[in-house]
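Worksheet: the structure to be examined is printed underneath.
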Amino acid sequence: MSTGSQTFPPELEREIFDTAAILHQPTIPKLLRVAHRVYTWLVPVLYRQMNLQYDRQLQGFLGVAQTCPALLQHVREIVLPTGYPPETTAKVFDGLRFCHKLGGLAMLHSHLIREVVANGLALPPRLSTHLEDLFQQDTAEHGAPPQIQVGTHHLETLLAFRFVTHLDWFDDLTAYKSDDDEEHARQFIIQLPALTHLAVVPFSAENYVDDLAARLPRLHVLVIVWSLSGYLRRRSNDPVFRIAFRDSRVVCSVYDKWYEGMTNGYLPTFWDLAEELVEGKANGTVSETEFWARPREGHIG
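Per my numbering, the very first residue in the sequence shown carries number 34; after that it's consecutive.
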């Protein structure tokens, strides 16, 4: 009778380790030491998503960029840091040059987009950010046009956005300082050549979202996103759950993490929920009067 240890097919073994690493990321350093084959499998998972708001991950990113930049080819999604000195920001952008397969980027402050433009980098397909710094006038410069409209800045910025397909836009356009700023922002979004998915914060202005959607004929979905905490605080009879729009591509949904809009692959996002709702309307399995793509029970967790 054999007493040898049971082995799994390599494909199943890899799936087990990949799943463990994805669902329990703090265990990755220990898992890397199990065997060389496991190390090979999990290095891409280790670097797949990096949140540089955490100092430990930021220092790790900067260290790898200096000592073994080839590892950064495994990075797919990055949350950029804020509040660091300019020299740190410069080092981060130096490291981004090695992230050749970057698919998602999140940043809380839109001034970092100017750094992207200045460094001649292109933004990845999925982007979560504010944009107001690109359009709003500096009150200290009376009569000056918005930054993005000066000289060649407009074309340079459009080039930086040329690959963006999914934009999670944090700005409330109705709160912009002037109607001109608001219109500049809308015109810029309309000109994005690859944009198919747009997420916006809830607007108070009537018909605003329908009017915006009408100016974006290539858009697949336009998602109005609420925070998960804000969603859970509302009662089932809240008027927001009876909201309706003229455009069937407009969907209301919920995000858990603020940078969820730039993620792709492991867990369902509000993009996935919105696409399912729009497809359901198209094939007749969802009522035309339904505009809420509610989070799944596991998503609420």
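The C-beta atom is built at its ideal place from N, Cα and C for all residues, glycine as well.
{"query": "Going by C-alpha distance, which of Pro-235, Phe-236, Arg-248 and Ser-281 is nearest Val-254?", "result": "Ser-281"}
{"query": "State whether the region 142-156 contacts the region 273-287, with contact taken as three or more CB pairs (one from each stretch) at a distance under 8 Å.", "result": "no"}
{"query": "Kindly identify the DSSP beta-bridge partner or partners of His-230.", "result": "His-199 and Val-254"}
{"query": "Ala-98 and Ala-155 - do their beta-carbons sit closer together than 8 Å?", "result": "no"}
{"query": "Can you round the beta-carbon distance between Leu-200 and Leu-231 to whole angstroms, since I take them to be within the 8 Å contact cut?", "result": "5 Å"}
{"query": "Determine the contact status of Gln-106 and Phe-131, defining contact as a CB-CB distance below 8 Å.", "result": "yes"}
{"query": "In three-state terms, what does DSSP make of Glu-323?", "result": "coil"}
{"query": "Which residue or residues does DSSP assign as beta-bridge partners of Gly-137?", "result": "Glu-110 and Arg-159"}
{"query": "Could you please give me the residues that DSSP links to Asn-152 through a beta bridge?", "result": "Asn-152 pairs with nothing; no bridge assigned."}
{"query": "Going by DSSP, which residues form a beta bridge with Trp-259?", "result": "Val-287"}
{"query": "Would you tell me roughly how many angstroms separate the C-alpha atoms of Val-108 and Leu-135, rounded to the nearest one?", "result": "6 Å"}
{"query": "Please return the same chain residues whose Cβ sits closer than 8 Å to the Cβ of Lys-314, not counting the five positions on each side in sequence.", "result": "Ser-281, Ser-320, Glu-321 and Glu-323"}
{"query": "Round the Cβ separation of Ser-143 and Leu-129 to the nearest angstrom and send it over; I've been treating them as touching at under 8 Å.", "result": "Not quite, the Cβ-Cβ distance comes to about 17 Å (not below 8 Å), so this is no contact."}
{"query": "Compare the Cα-Cα distances from Val-197 to each of Leu-252, Pro-114 and Gln-90 and report the closest residue.", "result": "Leu-252"}
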